[in-house]
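Heads up, the thing below is written out as structure tokens.
Written as structure tokens, this is what we have:
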């Protein structure tokens, strides 16, 4: 039932995009943190692409909080796009959206870069 | 002239040769002389390897003497698979010449071909007899089953404020279980559960007698102990030796909620109440063993929501594949662990089936009677619990990631209830988080423990009840996680589950009966996000 989490990093003009797929739960911690480390080898903002993420639970939120903490420690800007309306709501309720900019889609994220 | 003698069969058969072909004056029928088991002649014939000339025998045996007397000259043993199946007795040759070597060889070869055919014939006859016996047993079982089923109640009593349920499943060999409901003249309800030792028709007949006696005695006496004492005295002279009946008789005052019962050696009843489960005790000898017995009486006042469970030993004495017995402790534990509003009867039957394993043959009759007091005031309006409809009910093993199975099932169950899509998504997240908590904290990730999930709905709302075995742990107050502290590394990044659950649904209720801990998620159907 559970889809395995994967994260790859692509470069953009103004930073990196962490492209995620599968389930974001506690099992995603290592892969997501490694992808973040890879992304920050390059200057600029880190964008998180949630388009292929099918499920996020509270342990996944904790993993994202961990990444945001790393970003905050080095004053790195983090953004996100590709979240469903429901997970946008969850990010609002948990106030994650106060610490990362949520874009409607990839284009909006690129335009804001 | 030739006589074939078959041994080891009750009906000894004599088969004479075709006498009409031989001049009558010279023929003589030799009397069938049986060879008893263990006779020295049997041993000799088995080791002879062919026809034996009686004259040459030096054997002290009554049989040999009898054969000589009968005029036997040659014995041709019929041997199949090392067993003496019979023998041909031959008198003197018509020519009065002794039997030649050729004669003996011919007879020996004849015997070696006859013997297997005889063995086959014997087996066929035995199989036919066995088939006949099986058919007889089958018919007897059908008669027993018919008697039993005819006498069991056709319908359950319908009493305001009470819910009575019964389950009966006979074993293949049909044991002597029975149960009965007796409407008493003073308005109270008599409940009987019993078990006749022995199986089949004899047990069914004793059950029928016992049932009639109980029905009559129940109207004569007002106390259950007097009823059992009366039936015992009536049954002693009627019952075959070595048979007896265990029986529990309870009288329920359906208005006051008082249950008083006496017990003749039957399984004790359990009461499922708010704080767990209680075994009610009353002692007394089984019915039909000895006259003049006395029976204890026990009273119990049932409150609304409480359930009394009466069982037969077909449940407690069922075995699993490893030979382990289901037992009282397990039954009591299972009854205790069901949520109070649960369907105890189906839960016990389902769990018993899981214990004995799929396809296992049922050893004994299984009988279960469940009496629940649903409300104390007869005229009270139906409660919310009663008005709501169960949409789905399932269990999932406590393994990480299984919350997604629950999400999918709940989602399918509420389809068609018209929940707004955004609210459905919230409910799904709340269900996922609640089930995760139940798996991880309530059941401590032990896969052998189940998380029970029930989805109910009424006109106003949808409820999802998630139960684990976490005891009396109540839901802690959900605090708003301090994100700043988490981001600064001053606080663990975790701790979002309860907060999310509370934010996602309209109401969260937490209950515990000491063993089972239940979280109820309530989502109003009409609400908009």
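Residue numbers (the working numbering), protein chains in the order written: chain L, 205 to 317; chain D, 68 to 596. Beta carbons: idealized from backbone N, C-alpha and C, even for Gly.
> Which residues of chain D have a Cβ atom closer than 8 Å to the Cβ of residue 301(L), listed in chain order?
Replying inline: Residues of chain D passing the Cβ test: none, with the nearest at roughly 11 Å.
> With residue 158(D) and residue 136(D) assumed to form a contact (beta carbons below 8 Å), what rounded beta-carbon distance in angstroms separates them?
Replying inline: Incorrect: roughly 12 Å between the Cβ atoms, too far for contact.
>> Tell me the rounded alpha-carbon separation between residue 80(D) and residue 310(D).
In response: Confidence in residue 80(D) is poor, its pLDDT being 37 and thus under 50, which makes the residue's placement unreliable; the coordinate value appears in the next sentence. Their Cα atoms are separated by approximately 42 Å.
>> My assumption, with CB atoms under 8 Å, is that residue 458(D) sits in contact with residue 480(D). Please give the rounded CB distance.
In response: 4 Å
> Does the beta-carbon distance from residue 245(D) to residue 274(D) come in below 8 Å?
Replying inline: yes
>> Just to check my reading of the structure: residue 171(D) and residue 118(D) have Cβ atoms closer than 8 Å, yes? What is that Cβ distance to the nearest angstrom?
In response: 5 Å
> Assuming residue 592(D) contacts residue 529(D) under a Cβ cut-off of 8 Å, what Cβ separation, rounded to an integer in Å, is found between them?
Replying inline: 6 Å
>> Within 10 Å of its beta-carbon, does residue 470(D) have 16 or more other beta-carbons around it, so buried, or fewer, so exposed?
In response: buried
> From this set, 484(D), 564(D), 440(D), 518(D), which residue's C-alpha is nearest residue 227(D)'s C-alpha?
Replying inline: 440(D)
> Considering only C-alpha positions, which residue in the set 218(D), 236(D), 289(D), 265(D) is nearest to residue 248(D)?
Replying inline: 218(D)
> Exposed or buried, what is residue 168(D) when buried is set at 16 or more other beta-carbons lying within 10 Å of its beta-carbon?
Replying inline: exposed
> Between which two residues does the alpha helix (DSSP H) harbouring residue 204(D) extend?
Replying inline: 168-218
> Cβ of residue 317(L) less than 8 Å from any chain D Cβ?
Replying inline: no
> Can you name, in chain order, every residue of its own chain whose Cβ lies under 8 Å from the Cβ of residue 283(L), other than the five neighbours on each side?
Replying inline: 249, 250, 251, 252, 304, 305, 306, 307, 313, 316
> Who are the near neighbours of residue 256(L) in its chain, counting only those whose CB is closer than 6 Å to its CB and skipping five residues on each side?
Replying inline: 225
> Can you give the beta carbon distance from residue 566(D) to residue 416(D), rounded, assuming they're within the 8 Å contact cut?
Replying inline: Not quite, the Cβ-Cβ distance comes to about 40 Å (not below 8 Å), so this is no contact.
> On the premise that residue 347(D) lies in contact with residue 365(D), defined as a C-beta separation below 8 Å, what is that separation, rounded to the nearest angstrom?
Replying inline: 5 Å
>> Whole angstroms are fine: how far does the CA of residue 468(D) sit from the CA of residue 418(D)?
In response: 24 Å
>> Quick check on residue 390(D): buried or exposed, where buried means 16 or more other Cβ atoms within 10 Å of its Cβ?
In response: exposed
>> Quick test of your reading: residue 511(D) and residue 262(L), contact by CB under 8 Å. State the CB separation rounded to the nearest angstrom.
In response: Not really, about 18 Å apart at Cβ, beyond 8 Å.
>> In whole angstroms, give me the CA-to-CA distance for residue 314(D) and residue 399(D).
In response: 20 Å
> Excluding sequence positions up to five away, which residues of its chain have a Cβ less than 7 Å from the Cβ of residue 493(D)?
Replying inline: 571, 572
>> What does the Cβ neighbour count give for residue 662(D), buried or exposed, with the cut at 16 atoms within 10 Å?
In response: Residue 662(D) is absent from the structure shown; chain D starts at 68 and stops at 596.
>> Classify residue 234(L): buried if its beta carbon has 16 or more other beta carbons within 10 angstroms, exposed otherwise.
In response: exposed
> Going by DSSP, what residues sit across from residue 247(L) in a beta bridge?
Replying inline: Beta-bridge pairing links residue 247(L) to no other residue.
>> Please list, in chain order, the chain D residues whose beta carbon lies closer than 7 Å to that of residue 306(L).
In response: Simply none; closest approach about 15 Å.
>> Going by DSSP, what residue range makes up the alpha helix (DSSP H) through residue 270(L)?
In response: 262-277
> What first and last residue would you give for the beta strand (DSSP E) that runs through residue 488(D)?
Replying inline: Premise fails: residue 488(D) lies in the alpha helix (DSSP H), 488-504, not in any beta strand (DSSP E).
>> Let's see if you can read the secondary structure: which residues bound the alpha helix (DSSP H) around residue 296(D)?
In response: 291-302
> Cβ of residue 262(L) less than 8 Å from any chain D Cβ?
Replying inline: yes
> What first and last residue would you give for the alpha helix (DSSP H) that runs through residue 471(D)?
Replying inline: 470-480
>> Below 8 Å on the Cβ atoms is my contact criterion, and I expect residue 563(D) with residue 298(L) to pass it. Report the Cβ-Cβ distance as a whole number of Å.
In response: 6 Å
> Which same chain residues, not among the five before or five after residue 292(D), have their C-beta less than 8 Å away from its C-beta?
Replying inline: 329, 351, 361, 362, 363, 364
> Under 8 Å Cβ-Cβ, which residues of chain L neighbour residue 500(D)?
Replying inline: 261, 262
> To the nearest angstrom, how far is it from the Cα of residue 112(D) to the Cα of residue 185(D)?
Replying inline: 17 Å
> What residue range is occupied by the uninterrupted beta strand (DSSP E) comprising residue 377(D)?
Replying inline: 374-378
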